[in-house]
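Residue numbers (full-length UniProt numbering), protein chains in the order written: chain A, 1 to 253; chain B, 1 to 253. C-beta: ideal position from N, C-alpha, C; glycine also. Treat the numbers as computed from the prediction; the structure is a model and nothing was measured.
Protein chains: 2
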Amino acid sequence: MGTTQLESVQEPKYWHLKTVLNDALDSEFEVGEILPNERDLAARFGVARATLRQALEQLELEGRLQRRRGVGTTVAPPRIGVAVGPSANTWPGAGRDAWTTIGCAEAVAPAAVAALLGTAADEAVHTVRRERTVQGQPVATELLYVPPASVPGLPGLLTPAEHAPAVLRELHTLELESEDRAVELGSARAEDAKLLDRLPGAPVLVVTTRYVSGGRVAAASVATYRADTCRLTFGDSGALEVTHHEPESRQAS
Amino acid sequence: MGTTQLESVQEPKYWHLKTVLNDALDSEFEVGEILPNERDLAARFGVARATLRQALEQLELEGRLQRRRGVGTTVAPPRIGVAVGPSANTWPGAGRDAWTTIGCAEAVAPAAVAALLGTAADEAVHTVRRERTVQGQPVATELLYVPPASVPGLPGLLTPAEHAPAVLRELHTLELESEDRAVELGSARAEDAKLLDRLPGAPVLVVTTRYVSGGRVAAASVATYRADTCRLTFGDSGALEVTHHEPESRQAS
Numbered sequence: 001m002g003t004t005q006l007e008s009v010q011e012p013k014y015w016h017l018k019t020v021l022n023d024a025l026d027s028e029f030e031v032g033e034i035l036p037n038e039r040d041l042a043a044r045f046g047v048a049r050a051t052l053r054q055a056l057e058q059l060e061l062e063g064r065l066q067r068r069r070g071v072g073t074t075v076a077p078p079r080i081g082v083a084v085g086p087s088a089n090t091w092p093g094a095g096r097d098a099w100t101t102i103g104c105a106e107a108v109a110p111a112a113v114a115a116l117l118g119t120a121a122d123e124a125v126h127t128v129r130r131e132r133t134v135q136g137q138p139v140a141t142e143l144l145y146v147p148p149a150s151v152p153g154l155p156g157l158l159t160p161a162e163h164a165p166a167v168l169r170e171l172h173t174l175e176l177e178s179e180d181r182a183v184e185l186g187s188a189r190a191e192d193a194k195l196l197d198r199l200p201g202a203p204v205l206v207v208t209t210r211y212v213s214g215g216r217v218a219a220a221s222v223a224t225y226r227a228d229t230c231r232l233t234f235g236d237s238g239a240l241e242v243t244h245h246e247p248e249s250r251q252a253s
Numbered sequence: 001m002g003t004t005q006l007e008s009v010q011e012p013k014y015w016h017l018k019t020v021l022n023d024a025l026d027s028e029f030e031v032g033e034i035l036p037n038e039r040d041l042a043a044r045f046g047v048a049r050a051t052l053r054q055a056l057e058q059l060e061l062e063g064r065l066q067r068r069r070g071v072g073t074t075v076a077p078p079r080i081g082v083a084v085g086p087s088a089n090t091w092p093g094a095g096r097d098a099w100t101t102i103g104c105a106e107a108v109a110p111a112a113v114a115a116l117l118g119t120a121a122d123e124a125v126h127t128v129r130r131e132r133t134v135q136g137q138p139v140a141t142e143l144l145y146v147p148p149a150s151v152p153g154l155p156g157l158l159t160p161a162e163h164a165p166a167v168l169r170e171l172h173t174l175e176l177e178s179e180d181r182a183v184e185l186g187s188a189r190a191e192d193a194k195l196l197d198r199l200p201g202a203p204v205l206v207v208t209t210r211y212v213s214g215g216r217v218a219a220a221s222v223a224t225y226r227a228d229t230c231r232l233t234f235g236d237s238g239a240l241e242v243t244h245h246e247p248e249s250r251q252a253s
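This is how it looks when you write it as structure tokens:
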């Protein structure tokens, strides 16, 4: 590309292998197929196991391969588009919500969440655990934090089964002025990993949402999405259908 | 947490080490400080080098540590909130745009982008390379793809310096009906890595944007954000100030 300043960059050895492997995945393997073991693959491509492992890690980051517990490394299906930013502001659990409520407890929020909510560091808040599945697969798990001050009408005595629905119901009586989100890379905590059918430490996309009502943050949520199977979509027209598998072919320069 | 079904999950060895290291980073190190080498760290914590390396990788994924070429592993500053979803639809390069244009060329778009644009697989499109810096640091690099059919008024003879501004100027004459985005995990290509001051293969957040005008996709962009230093923000009120560093302390259950 003429006017961009892209000189030749030294590419590490595994990078070339990754490209070769990527082509092999296209031509020789089906989605869901289990890859040969590392020893055989390393021998076939004439590389060290460490080099092979680096290339496999790259392909996993790019959503081309999936490592599954007890199964091995398989060829990944295209990532699923998961709508995150609704066109209209809506409270969690309101209307056609994609989430399922698992339970609720009163607990001290993590310091960062307490800072978002403007609550005291040692103040217990209602903490609703929810999960989201797409096509029967778990794709995300969420903790929604609601300070008692946001739901003053909440009855005092609630059974565990009543707790989450009551908190959400009270929340829905407030006017939602705005919501904003941040997306960042994280690694799956053990509990989240279990719910998401991943190994602890797997890369995840962490979405933090702030719900504003009456000029203050009335609730906040931290949702953990599987980074291997999900593409998060935002915007007017809902899901953006991008099915590319090869980030390295996205660029023309 | 009473009603959530979170039984004890077996945590791998490096996970515990990660927590210990995280606390050590809080209490003993300053932002920007260089960590001792792996041999010394492994000895201090009484773990194998491989275990240490896994823990360091986790902390890097979580934005706690940065690996910098020629420097080593340093304690990362808080991630920077980078606004991605504007409240109003705007064309790239219009108004108060956070991006700097580097250059433009005519090139065949990657297959996935051609599919988004509805162009033929072998059709050359205008490809504008842009970059984004925050506080003097490169945070993202972008390729904006504009089919010739979207900019029919573009003059035929353009110098390299005139090419990108002319494409953007023509684009701005169209009415932008909507834009939508998808965010997914990727790994940095060599060229992107160089522009972002990262090693090839580093985890990145890939944002694909579709610009709709006249009922069809008039342009599309693929932007690559550093996943270590950036938190992408979306929504009404712009940047969401979340400065937490410890994903493992975010959750109450």
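Report the three-state DSSP secondary structure of Arg-67 of chain B (helix, strand or coil). strand
Which of the three DSSP states, helix, strand or coil, is assigned to Phe-45 of chain A? Here Phe-45 of chain A sits in helix by DSSP.
Just reading off the alpha helix (DSSP H) that Trp-15 of chain B is part of, what are its end residues? 13 to 28
Would you check if the distance between the CB atom of Val-204 of chain B and the CB atom of Tyr-211 of chain B is smaller than 8 Å? no
4 or more residues per run - each alpha helix (DSSP H) lying fully within the segment 143 to 189 of chain B: 160 to 172
Outcome for Asp-26 of chain B when other beta-carbon atoms lying within 10 angstroms are tallied against a minimum of 16: exposed
Phe-234 of chain B at chain A interface by Cβ criterion, 8 Å: Cβ-Cβ to chain A under 8 Å: yes for Phe-234 of chain B.
Under 8 Å by beta carbon: chain A residues contacting Gln-58 of chain B: Ser-187 and Gly-201
Report buried or exposed for Val-151 of chain A, applying the criterion of at least 16 other Cβ atoms within 10 angstroms of its Cβ. buried
Which chain A residues are close to Ala-48 of chain B, counting only those with a beta carbon under 8 Å from its beta carbon? The premise fails here: Ala-48 of chain B is roughly 16 Å from chain A at the closest Cβ pair, so nothing lies under 8 Å.
Taking the alpha-carbon positions, what's the Ala-76 of chain B to Pro-12 of chain B distance? 24 Å
Residues bridged to Gly-140 of chain B (per DSSP): Before going further, note that residue 140 of chain B is Ala rather than Gly in the sequence given. In the DSSP output, where bridge partners are listed per residue, Ala-140 of chain B has B:Arg-132 and B:Tyr-225.
Is the distance from the Cβ of residue 255 of chain B to the Cβ of Val-146 of chain B below 8 Å? Because chain B here runs from 1 to 253, residue 255 of chain B falls outside it and cannot be looked at.
Exposed unless 16 or more other CB atoms sit within 10 angstroms - verdict on Leu-157 of chain A: exposed
Would Thr-233 of chain A and Ser-221 of chain A qualify as a contact pair, given that the criterion is a beta-carbon distance under 8 Å? no
Skipping 5 residues on each side, what residues in its chain have a beta carbon closer than 7 Å to that of Pro-138 of chain A? Taken in chain order, the residues that qualify are Glu-131, Leu-195, Leu-196 and Asp-197.
List the whole-angstrom C-beta distance separating Ala-55 of chain A from Leu-17 of chain A, where the pair is believed to meet the contact cut-off of C-beta under 8 Å. 4 Å
Starting from Leu-232 of chain B, follow the beta strand (DSSP E) in both directions and report where the run begins and ends. 230 to 235 is the span of the beta strand (DSSP E), which, as asked, contains Leu-232 of chain B.
So Leu-61 of chain B contacts chain A; which residues on that side make the cut at Cβ distance below 7 Å? Under the 7 Å cutoff, chain A gives Leu-185, Gly-186, Ser-187 and Pro-203.
By alpha-carbon positions, which one of A:Val-20, A:Gly-103 and A:Glu-175 ends up nearest to Gly-215 of chain A? A:Glu-175
Check each residue of the segment 69 to 94 of chain B: if its Cβ is closer than 7 Å to any Cβ of chain A, include it; give the result in chain order. Arg-79, Gly-81 and Gly-85
With 8 Å as the threshold, decide whether the Cβ of Ala-190 of chain B is near any Cβ in chain A. yes
Residue(s) in a DSSP beta bridge with Gly-72 of chain A: Residue pairing by DSSP places Gly-72 of chain A opposite A:Arg-68 in a beta bridge.
Do Ala-124 of chain A and Glu-106 of chain A have their C-beta atoms within less than 8 Å of each other? yes
Report back the beta-carbon spacing between Tyr-53 of chain B and Thr-229 of chain B to the nearest angstrom; my notes put them in contact at under 8 Å. Reading the sequence as shown, one finds Arg at residue 53 of chain B and not Tyr. Incorrect: roughly 21 Å between the Cβ atoms, too far for contact.
Mind checking which residues open and close the alpha helix (DSSP H) that includes Leu-117 of chain B? 111 to 117
With a cut-off of 8 Å on the beta carbons, I'd call Glu-170 of chain B and Leu-144 of chain B a contact; round off their distance for me. Not confirmed; about 13 Å, so no contact.
Proximal residues of chain A, C-beta to C-beta of Ala-227 of chain B below 8 Å: Glu-184 and Leu-185
Smallest Cα separation from Glu-191 of chain A: which of A:Val-108, A:Thr-90, A:Thr-141 and A:Asp-40? A:Thr-141
Straight-line CA distance for Val-20 of chain B to Glu-179 of chain B? If you take the alpha carbons of Val-20 of chain B and Glu-179 of chain B, they lie about 44 Å apart.
Within 10 Å of its beta-carbon, does Val-183 of chain A have 16 or more other beta-carbons around it, so buried, or fewer, so exposed? buried
Assign Arg-210 of chain A to one of three DSSP states: helix, strand, or coil. strand
Please classify Glu-28 of chain B: is it buried, with 16 or more other beta-carbons within 10 angstroms of its beta-carbon, or exposed? exposed
Taking the DSSP output, what are the residues bridged to Ala-94 of chain A? According to DSSP, which records beta bridges pairwise, Ala-94 of chain A is partnered with nothing at all.
Would the beta-carbon of Ile-34 of chain A fall within 8 Å of that of Thr-74 of chain A? Going by C-beta atoms, Ile-34 of chain A is nearer than 8 Å to Thr-74 of chain A.
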